[in-house]
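In what follows, a single structure is set out as structure tokens and then discussed.
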Amino acid sequence: LMPAYATGVVGTRGVRLAEEQIYRISGGKVSAGVGGTGKKIAENQYQTISKGSTGAGKLYNLPEININKAKLQKKYKHAGDFGIKGNYNKVNAELFEKEIIKHVEKATNIFKSNYRGQEVYVYIKDGIGVYTGMKGEFISGWKFNQKQLEFHVENGIRIK
1 LMPAYATGVV
11 GTRGVRLAEE
21 QIYRISGGKV
31 SAGVGGTGKK
41 IAENQYQTIS
51 KGSTGAGKLY
61 NLPEININKA
71 KLQKKYKHAG
81 DFGIKGNYNK
91 VNAELFEKEI
101 IKHVEKATNI
111 FKSNYRGQEV
121 YVYIKDGIGV
131 YTGMKGEFIS
141 GWKFNQKQLE
151 FHVENGIRIK
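Numbering of the sequence shown is given in UniProt numbering, commencing with residue 1 and proceeding in unit increments.
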């Protein structure tokens, strides 16, 4: 299974917080810290709390990625963005698939967003994005331009 992440907010009851306040739950104790995108709660679980917001965080159980071989071949035109060189063949297809899976597992930013009218998860690292459907089916992936990155930052729900 893929990681589960939580995003959301907790009421501050008048306490002034930094731009993003992070709470870590460990062994029944809650500790606070300031950070970028989220603090690890348990194995592969994160929760972020934004300044001035109230309510409980939402838990995202991200699905395991599923890569259809026909889709992989169709999207092989983007393999160079993942460091794969040469024409499509069995060896390069396996390398491309492994790089996509590694990218999803190591993504530094994950958003729930939209791509061509459908809800997707977007896994971003080093300017490269991979789209999966809500059930984990691989849609595509390539090196994003600045407008594509900005779209997900501005319109998506940040999970990690």
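Note that beta-carbon positions come from the ideal geometry of N, C-alpha and C, so glycine has one too.
- Under the Cβ criterion (8 Å, minimum of three pairs), the segment 83 to 93 does not count as touching the segment 111 to 125.
- In this structure, the beta-carbon distance from residue 136 to residue 128 does not fall below 8 Å.
- When only Cα atoms are considered, residue 81 and residue 143 end up about 6 Å apart.
- DSSP places residue 110 in the uninterrupted beta strand (DSSP E) bounded by 109 to 115.
- Using a 10 angstroms sphere on the CB of residue 132, the tally of other CB atoms reaches 16 or more, which defines it as buried.
- Residue pairing for residue 138: DSSP places it in a beta bridge opposite 132.
- Within 10 angstroms of the beta-carbon of residue 74 lie fewer than 16 other beta-carbons, which makes it exposed.
- If you draw a straight line from the Cα of residue 146 to the Cα of residue 59, it comes to about 29 Å.
- Scanning its chain for C-beta atoms nearer than 6 Å, with the 5 sequence neighbours on each side dropped, one finds around residue 79 the residues 96, in chain order.
- Residue 117 counts as exposed, since fewer than 16 other beta carbons sit within 10 angstroms of its beta carbon.
- If you check the CB distance, residue 100 and residue 139 do not come in under 8 Å.
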